[in-house]
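Visitor: Submitted below is the structure of interest, expressed as structure tokens.
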Amino acid sequence: MLELSILGFLYEKPLHGYELKERIQGLSGHVRPVSDGALYPAITRLVKNGLVDSRTEPGASAAPRRTLSLTPEGRQELLARLRAPKDAEITDGQRFFTLLAFLGHLPDPADQAAVLRRRQEFLTAPASFFYEGGAPVRAEEESDLFRRGMLRIARATGTEEKAWLTEALAELEARAERVSRAAPPGTSATRP
85 MLELSILGFL YEKPLHGYEL KERIQGLSGH VRPVSDGALY PAITRLVKNG LVDSRTEPGA
145 SAAPRRTLSL TPEGRQELLA RLRAPKDAEI TDGQRFFTLL AFLGHLPDPA DQAAVLRRRQ
205 EFLTAPASFF YEGGAPVRAE EESDLFRRGM LRIARATGTE EKAWLTEALA ELEARAERVS
265 RAAPPGTSAT RP
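Just so we're on the same page, my numbering is the position in the sequence shown counted from 1, plus 84.
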């Protein structure tokens with residue numbers, strides 16, 4: 085998810101390494117802090133793979149600073165990752181939030197909707213933190229006060245997320261319909 089965050093933020097504009105780290109920290113730092121030991125090797129890999137460009141600029145009152153920007157290949161890589169996220173990026177809540185942070189970069193509402201449908205399908209499957217006899221334990225069945233709290237909070241969050249997904253999918257379907265009606269016959273309705 086670190087590489088997705090790097091590509092996503094650089095898609096928006098070039099950043100210095102410190103600025104990039106601050107944005108990533110803001111997105112997920114409270115859950116998964118970002119260390120320099122993880123961030124800078126990831127940047128180096130992306131530069132080596134031709135997805136990110138790094139150039140040195142003079143600092144105003146300090147040492148020179150590296151400015152990072154996305155290459156055309158990096159833009160395409162980001163869009164490919166957003167169109168076809170890994171299963172863990174759909175099923176893990178924090179990873180899904182990272183994906184959501186950049187899903188708006190996909191130009192086609194149908195591609196955005198396909199990702200949201202995958203999350204919706206995942207959320208409709210019966211699940212729990214705890215199981216008894218192979219069946220998920222519901223909050224009303226849990227005798228432990230704290231586990232019952234976990235289950236109730238998860239249910240409330242899941243209910244709200246399902247409602248938002250339904251609303252978002254309806255909006256994306258309406259956008260896709262407007263785009264397809266506006267496209268001249270025989271042309272693509274979406275941008276590349």
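Just so you know, even glycine gets a beta-carbon here, dropped at the ideal spot from N, CA and C.
All figures in this text were calculated on a predicted structure; none of them were measured in a lab.
Looking at residue 161 and residue 91, is the spacing between their C-beta atoms short of 9 Å?
Guide: Contact flag set, yes.
Visitor: One question on the structure: do residue 186 and residue 88 come within less than 9 Å of each other, judged by their Cβ atoms?
Guide: Yes. Within cutoff.
Visitor: Would you please state the rounded distance, in angstroms, between the beta carbons of residue 183 and residue 193? I believe it to be under 8 Å.
Guide: About 16 Å; that fails the 8 Å criterion.
Visitor: Classify residue 226: buried if its beta carbon has 16 or more other beta carbons within 10 angstroms, exposed otherwise.
Guide: Buried: at least 16 other Cβ atoms inside 10 Å.
Visitor: Is DSSP giving residue 254 helix, strand or coil here?
Guide: In this structure, residue 254 counts as helix in the three-state DSSP scheme.
Visitor: Locate the beta strand (DSSP E) running through residue 151, then write down its first and last residues.
Guide: Looking at the DSSP string, the run of the beta strand (DSSP E) that includes residue 151 is 149-154.
Visitor: In angstroms, rounded to a whole number, what distance separates the CA positions of residue 229 and residue 147?
Guide: Cα to Cα, residue 229 sits roughly 55 Å from residue 147.
Visitor: In chain order, what residues of the same chain lie with their CB nearer than 6 Å to the CB of residue 236, ignoring the 5 residues before and after it?
Guide: Correct list, in chain order: 223.
Visitor: Could you have a look at residue 195 and say whether DSSP puts it in helix, strand or coil?
Guide: In the structure shown, residue 195 sits in a helix (DSSP, three-state: H, G or I).
Visitor: Just to confirm my understanding: we take residue 94, look at its own chain, exclude 5 residues before and 5 after, and list those with CB closer than 8 Å. What are they?
Guide: Here the set comprises 104, 136, 152, 153, 154 and 158.
Visitor: Using only the heavy atoms of the ligand FMN, determine whether one of them is closer than 8 Å to the beta carbon of residue 98.
Guide: Among the components of this structure there are no ligands whatsoever, and the ligand FMN is therefore not found.
Visitor: Is residue 240 buried or exposed, if buried means 16 or more other CB atoms sit within 10 Å of its CB?
Guide: It counts as exposed.
Visitor: Look up residue 276 in the DSSP assignment and say whether it is helix, strand or coil.
Guide: The pLDDT assigned to residue 276 is 44, lower than 50, so where the model puts this residue is not dependable; a value taken from the coordinates is nonetheless given after this. Residue state, collapsed to three classes: coil.
Visitor: Which runs of the alpha helix (DSSP H) at least 4 residues long sit entirely within the region 149-189? Give them in chain order.
Guide: For the region 149-189, whole alpha helix (DSSP H) runs of length 4 or above, ordered along the chain, are 156-167, 171-175 and 177-187.
Visitor: Buried or exposed: where does residue 197 fall if 16 or more other Cβ atoms within 10 Å of its Cβ makes it buried?
Guide: Residue 197 is buried by the Cβ-count criterion.
Visitor: If you count every other CB in all the chains shown that lies within 10 Å of the CB of residue 262, and 16 or more means buried, which is it?
Guide: By the 10 Å Cβ count, residue 262 comes out exposed.
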